[in-house]
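Each residue of the sequence shown is one higher than the last, beginning at 23 in the numbering used here.
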Amino acid sequence: MKKPWIPMELLKESSIFITGASGLIGSVMAEYLLKINESCRLDLHLLLLVRNKNKLPLEILREEEKGTIEIIEGDVCKIPEIKGAIDYIVHGASITESRMMVEKPVEVIRTNLEGTLNCLELARKKNIKSMIYLSTMEVYGFTEEEMLLTEEKVQYLNPLVLRSSYPESKRMAENLCVSYAKEYGVPARIIRLAQTFGHGVKENDTRVFAEFARCAKKEKDICLKTDGMSKRMYLDTGDAARAVLTVLLKGKAGEAYNAGNKETYCSVREMAEMVASKIADGKISVQFASDENSRKQFSPPHRLLLDVSRLEALGWEATAGLKEMYLEMMEDWKGKK
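Pasting the structure below:
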């Protein structure tokens, strides 16, 4: 594997429960664990919670026949009974589509809160070794002031805005993890991921990075629905998988860890221009067509520069930049044809 900082021996003969296993991070985590299971001879058993097993990548489905994985079809808001031991929990089930945050905000909130409560109760019941909650950089709120955001520098969020259904409920889910760690001794950690893409992203993904890639592929101009001045960091899916495993095995219970690539910090407009020039080889341009309805689906203007030193202190480091992430994602799409 790429880096030696993860103490793989801690996973030997472990049972790992992953929620949201058909989502981007969940499926990438499952694939990564299957790879290290084979290369390090760990004898892992993966329990994958999904709503629809047919949405899992074929590479994962093939492993079901070997007995390495067990696919559990169900909802994180009502987790089916799981017999046997669980050593680790990776809780990634969440609704991440911007459209759903304004059209189905109650469902977004319930999934985040009820799902996290259920995972924490399961962790408590099974007396697990470690649980990690996959949170988001959006918990920092939205500030136009540019500052290095340590894990304690959470900013303002307007609870009266529908789209806050996602970051506000993710914040509360984080507090549940901290509360269970303190009150019940549940070894829950939190990782706040920058926007993550690369290998594993489906071509029909609705997020902005995928739309830019589709435009490059079709040689179609990129049309921004905002001024594109919000700035944030990004993270490669492979780097994200290693970050999650690092915090799961080496992080401190009740603590949060930022994960992102410092070198990717840029505005949405800058990323669009990079795609137009370097991915589409200058064959397309960036246009603007902002309107009130489209703006409601997107987060307010913000600057989210994450301090990742706490995670780096555990030995983790980012390896892939923006261009590599785009090329990896688009190469993946070719293979799915």
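For glycine and all other residues, C-beta sits at the position ideal for the given N, C-alpha and C.
Proximity of residue i and residue j at Cβ, strictly below 9 Å
| i | j | result |
| --- | --- | --- |
| Leu328 | Leu171 | yes |
| Pro127 | Leu184 | yes |
| Leu68 | Ser37 | yes |
| Gly137 | Met51 | no |
| Met251 | Val297 | no |
| Ala281 | Ala238 | no |
| Ser44 | Leu78 | yes |
| Leu71 | Ile94 | yes |
| Ala210 | Leu142 | yes |
| Ser49 | Gly222 | yes |
Residue i, buried or exposed, once every other Cβ within 10 Å from all chains shown has been counted against 16
| i | result |
| --- | --- |
| Ala311 | exposed |
| Leu182 | exposed |
| Ala107 | exposed |
| Tyr206 | exposed |
| Leu80 | exposed |
| Gly42 | buried |
| Thr248 | buried |
| Gly304 | exposed |
| Asp261 | buried |
Residue(s) in a DSSP beta bridge with residue i
| i | result |
| --- | --- |
| Ile101 | DSSP lists no partner for Ile101. |
| Ser288 | For clarity, residue 288 is Cys in the given sequence; the question names Ser instead. BP columns for Cys288 point to Arg254. |
| Ile212 | Tyr155 and Ala278 |
| Thr218 | Leu257 |
| Val308 | Ile244 |
| Asn283 | Tyr256 |
| Phe39 | Leu69 and Ile111 |
Residue of the options minimising C-alpha distance to residue i
| i | options | result |
| --- | --- | --- |
| Val308 | Tyr54, Ala294 and Lys75 | Ala294 |
| Leu344 | Val72, Phe219 and Lys204 | Phe219 |
| Ile348 | Asn76, Pro189, Tyr256 and Asp65 | For the record, residue 348 in the displayed sequence is Tyr; it is not Ile. The shortest Cα separation from Tyr348 among Asn76, Pro189, Tyr256 and Asp65 belongs to Tyr256. |
| Thr268 | Glu173, Glu196 and Leu156 | Leu156 |
| Asp109 | Ile40, Lys242 and Glu174 | Ile40 |
| Glu169 | Arg325, Glu334, Met352 and Asp354 | In the sequence as displayed, the identity of residue 169 is Met instead of Glu. Here the closest residue by C-alpha is Arg325. |
Check: residue i C-beta below 8 Å from any heavy atom of the ligand ATP
| i | result |
| --- | --- |
| Lys345 | Although the ligand ATP was asked about, the structure shown includes no ligands whatsoever. |
Handout entry: the segment 256-270 contacting the segment 132-147, beta-carbon criterion three pairs below 8 Å
Key = no
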